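Asker: Input: one structure, supplied below.
Residue numbers (our numbering): 31 to 78.
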């Protein structure tokens, strides 16, 4: 499962992680948000 998050400071950028479960992916995603940024959107992407 791929989970994609949109973060923002003054500019918007995307970070992407892959994991076996949504919970694991969400934790990985949140760990990649740089200090001073805010995670504003989370969506899933399937490989189908």
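Cβ atoms here follow ideal geometry from the backbone N, Cα and C, with glycine treated the same way.
Fair warning: this is a prediction, and the values are worked out from it, not measured in the lab.
Have a look at 44, 75, 55 and 33 and flag the residue whose alpha-carbon is nearest the alpha-carbon of residue 67.
Answerer: To locate residue 67, count along the chain shown from 1; it is residue 37. Checking every option, the nearest Cα to that of residue 67 belongs to 44.
Asker: Using three-state DSSP, classify residue 54 as helix, strand or coil.
Answerer: Stepping through the chain shown from its first residue, residue 54 is reached at position 24. Three-state DSSP puts residue 54 in a helix.
Asker: Tell me the DSSP secondary structure of residue 60 in three-state form.
Answerer: By 1-based counting over the chain shown, the position of residue 60 is 30. The answer is helix: DSSP assigns residue 60 an H, G or I state.
Asker: Leaving aside the five residues before and after residue 63 along the sequence, list all residues of the same chain whose C-beta is less than 6 Å from its C-beta, in chain order.
Answerer: Taking the first residue of the chain shown as position 1, residue 63 is located at position 33. Around residue 63: 37 and 69.
Asker: Just to confirm my understanding: we take residue 48, look at its own chain, exclude 5 residues before and 5 after, and list those with CB closer than 6 Å. What are they?
Answerer: As a working note, residue 48 is residue 18 in the chain shown. Excluding sequence neighbours, residue 48 sits near 32.
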